[in-house]
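I have placed the structure first, in the form of structure tokens, so that the comments after it can refer back to it.
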Amino acid sequence: MRPTGKLHLGNLVGALQNWIELEDHYESFHFVADWHMLTTDYADTAELRSNVQEMVTDWLAAGLDPAKATFFIQSRLPEHAELHLLLSMVTPLGWLERVPSYKEQLENIRDRDLHMYGFLGYPVLQAADILMYKANAVPVGEDQVSHVELTREIARRFNGFYGAVFPEPQVLLTRAPRLPGTDGRKMSKSYNNAIYLSDPPEVVSKKLATMITDPARKRRTDKGNPDVCPVFDLHKVFSTAPHIDQVNRECRTAEIGCLDCKQILAGNINKGLEPIQKRRRPYERDPEKVWAILEEGTEKARKVAQETMREVRAAVKIDYSSAPTGANG
Ligand code: ADP
646 MRPTGKLHLG NLVGALQNWI ELEDHYESFH FVADWHMLTT DYADTAELRS NVQEMVTDWL
706 AAGLDPAKAT FFIQSRLPEH AELHLLLSMV TPLGWLERVP SYKEQLENIR DRDLHMYGFL
766 GYPVLQAADI LMYKANAVPV GEDQVSHVEL TREIARRFNG FYGAVFPEPQ VLLTRAPRLP
826 GTDGRKMSKS YNNAIYLSDP PEVVSKKLAT MITDPARKRR TDKGNPDVCP VFDLHKVFST
886 APHIDQVNRE CRTAEIGCLD CKQILAGNIN KGLEPIQKRR RPYERDPEKV WAILEEGTEK
946 ARKVAQETMR EVRAAVKIDY SSAPTGANG
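Note that the working numbering has the sequence shown beginning at 646, numbered continuously upward.
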């Protein structure tokens, strides 16, 4: 995950909850993709350190467990850069130019110049991140599937030149609901419409009070339609079944108003956030705990990365230190 700072409810249901479940079934690696952040935010790195800390604090708060999985920081492992470079030698330009998110982001992100070498190559860096751990599976949403497919193609091509080094990773598709923010668009840090895992109860209530609802329901006496209401989308994720039934029924008959409905939702979201914020507190008080977890995980990951790179260098025959001496080598 790119270190963008505090995490919101969309990140929780779209990524973290899935990772937490996977930790019980797979040997997992979770990493802070700080180099990836530079591919788009190279001009603004002032907040990087605090963003890393806030994000990993939220991982721990959400319940990711460093005893079950390895947490690390990408840039602390130069092996990732080395593998990226070697993979870049065998990755045709056309493959990168065809990645759907590449064109899409070039067109949509207008406030920064993304015509950069690093930005075009970021799926190759992602391939290095995945292949370094010889990953069997990568948990991603729909939008990232093409990147994992590209990783498989790069692995196949590398293996074709240098021998079978890398397994081809499978996609573990996460079918998470796309959570709306308070303005009805996708909840996102960049839209200023997010409810954060660290928001206190009164902030959650206040944000929900401004959230848009069924636009046709203008007066308290108007009957509403939950099917088109983003507040109801949040109910479906965070409320209990009886509350969902109640809101669904009583909105349609105008028995309850939007404010009542939002209060019920605020109660349920706050109940869900309570254990998260409780787990968050010790790390907020003592951020060194977060850095120590990252440090320990980074050293664990380094062992794997070093081992993979020894094998990769030998396969590419670019490992002179251990080359046999003698007339014919
Ligand atoms: P943001 O849009 O706030 O910058 P990111 O793009 O960094 O969020 O997303 C990190 C992870 O959280 C990704 O796996 C993404 O699929 C998931 N995610 C982000 N926003 C949402 C959302 N509104 N609903 C569901 N999942 C989301």
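Ideal Cβ placement from N, Cα and C applies to all residues, glycine included.
Buried or exposed (CB count within 10 angstroms, at least 16 for buried), residue i
i, result
"Glu749", "exposed"
"Gly974", "Residue confidence is low: Gly974 scores 44 on pLDDT, short of 50, so the model does not pin down where it sits. Its coordinate-derived value is still stated next. Exposed: under 16 other Cβ atoms inside 10 Å."
"Gly739", "exposed"
"Ala946", "buried"
"Lys923", "exposed"
"Tyr836", "exposed"
"Lys881", "exposed"
"Gly808", "exposed"
"Ile754", "exposed"
"Ala712", "exposed"
"Met700", "buried"
"Asn781", "exposed"
"Val957", "buried"
"Asp788", "exposed"
"Lys907", "buried"
"Thr858", "buried"
"Leu728", "buried"
"Tyr965", "exposed"
"Phe806", "exposed"
"Glu944", "exposed"
"Leu654", "buried"
"Gln698", "buried"
"Thr855", "exposed"
"Asn656", "buried"
In DSSP terms, what residue i is bridged to
i, result
"Ser720", "Partner(s): none; Ser720 has no beta bridge."
"Val873", "Answer is none; Val873 lacks a bridge partner."
"Tyr841", "His653"
"Val793", "Per DSSP, none; premise fails for Val793."
"Lys831", "Pro825"
"Pro784", "Leu817"
Residue from the options whose Cα sits closest to the Cα of residue i
i, options, result
"Lys831", "Pro814, Met777 and Val876", "Val876"
"His670", "Glu742, Ala714, Glu692 and Val677", "Ala714"
"Val873", "Ser843, Pro825 and Ile840", "Pro825"
"Pro814", "Arg823, Tyr807 and Glu798", "Glu798"
"Gly763", "Ile665, Met682, Ser673 and Pro822", "Met682"
"Phe883", "Asp689, Ile857 and Leu910", "Leu910"
"Ala678", "Ser833, Met646 and Val892", "Met646"
"Val849", "Glu666, Glu940 and Asn915", "Asn915"
"Arg801", "Val783, Leu776 and Leu709", "Leu776"
"Asn804", "Val961, Gly650 and His725", "Val961"
"Asp756", "Gly766, Leu817, Ile718 and Asp686", "Asp686"
"Val949", "Lys834, Trp704, Glu672 and His653", "Glu672"
"Cys896", "Tyr778, Ala688, Ser695 and Arg862", "Arg862"
"Ser843", "Ala772, Glu900 and Leu918", "Leu918"
"Thr827", "Ala839, Tyr767, Asp774 and Val816", "Ala839"
"Arg865", "Pro845, Leu731, Thr702 and Leu904", "Leu904"
"Thr702", "Gly766, Asp964, Ala959 and Leu939", "Leu939"
"Val790", "Leu817, Pro920 and Ala899", "Leu817"
"Asn696", "Leu652, Asn913 and Pro745", "Leu652"
"Arg820", "Tyr928, Leu661 and Thr649", "Leu661"
"Arg823", "Ile921, Gly659 and Ala886", "Gly659"
"Val810", "Gly655, Leu654, Gln891 and Thr953", "Thr953"
"Leu770", "Glu752, Trp936 and Met734", "Met734"
"Leu741", "Ser833, Pro768, Gln719 and Leu705", "Pro768"
"Gly766", "Thr885, Trp680 and Val935", "Trp680"
Span of the beta strand (DSSP E), counted from its first residue to its last, around residue i
i, result
"Phe674", "Ser673 to Val677"
Span of the alpha helix (DSSP H), counted from its first residue to its last, around residue i
i, result
"Pro846", "Pro846 to Ala854"
"Pro711", "Element bounds for Pro711: n/a, residue is neither H nor E."
"Tyr778", "Counting along the chain, Tyr778 falls outside any alpha helix (DSSP H), and DSSP gives it neither H nor E."
"His888", "Ala886 to Arg897"
"Phe764", "Tyr762 to Leu765"
"Ile921", "Cys903 to Arg930"
"Ile938", "Glu933 to Val961"
"Pro745", "Pro745 to Asn753"
"Ile665", "Gln662 to Glu668"
"Glu742", "Leu738 to Glu742"
Residue i CB to nearest heavy atom of the ligand GDP below 7 Å
i, result
"Lys834", "Among the ligands present in this structure, namely the ligand ADP, the ligand GDP is not found."
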